[in-house]
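Visitor:
Residue numbers (UniProt numbering): 1 to 173.
1) By alpha-carbon positions, which one of 10, 11, 36 ends up nearest to residue 21?
2) In angstroms with no decimal places, state the Cα-to-Cα distance between residue 82 and residue 96.
3) So if DSSP puts residue 39 in a beta bridge, which residue, or which two residues, is it bridged to?
4) What residues are listed by DSSP as bridge partners for residue 156?
5) Here's a check: name, in chain order, each residue in its chain whose Cβ is nearer than 6 Å to the Cβ of residue 47, leaving out the five neighbours to either side.
6) Relative to the C-alpha of residue 101, which candidate in 68, 28, 15, 41 has its C-alpha closest?
7) Count the CB pairs spanning the stretch 44-62 and the stretch 86-93 that are closer than 8 Å, and state whether there are at least three.
8) What is the DSSP secondary structure of residue 126, counted as helix, strand or coil?
9) Under the rule that 16 or more other beta-carbon atoms within 10 Å means buried, what is residue 77, buried or exposed?
10) Does DSSP put residue 10 in a helix, a strand or coil?
11) Drop a sphere of 10 angstroms on the beta-carbon of residue 150, count the other beta-carbons inside from all chains shown, and report buried for 16 or more, exposed for fewer.
12) Given a cut-off of 9 Å on the beta-carbon distance, is the pair residue 135 and residue 165 in contact?
13) With a Cβ-Cβ cutoff of 9 Å, do residue 7 and residue 42 count as a contact?
14) Grouping DSSP H, G and I as helix and E and B as strand, with all else coil, what is residue 147?
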């Protein structure tokens, strides 16, 4: 019984440590808020294994997320901690928590709406994607797309026609 309790305590401590790691591109979000931290387990040898899912294929922040997560777990007393990449199911912006969405808006970044439901291949689209976007500063939906790519590839740049502020919008995936 003690081994089970010890294992549960180790797992709880590992989750608590992993939950503090922030996204390098959106530092107002933890990996939990972003929905990237999928699981923390203990392997058959008693080592901690954290699973993360990339926001999209080729995300340049993945290596930093992995390194930050490993460093945090090791600093928390888990020297053999490992990070595994889980590709299935694919990440979606629907996994961003309500607290994460509120943190984005508070930081002046428009949070994503609901992710599109797709069955089958993604169609080629040469025109800008239509999105329901609100200005995170004044709340109006009277906004204009400035660029399909904002400060990172996963964000689009908009400008509010009401208050004039430019802002990023996290693209729905």
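Positions of the beta carbon are idealized from the N, C-alpha and C atoms, including for glycine.
Guide: Walking through what the data contain:
1) 36
2) 24 Å
3) 51
4) 169
5) 80
6) 28
7) yes
8) coil
9) exposed
10) helix
11) buried
12) yes
13) yes
14) strand
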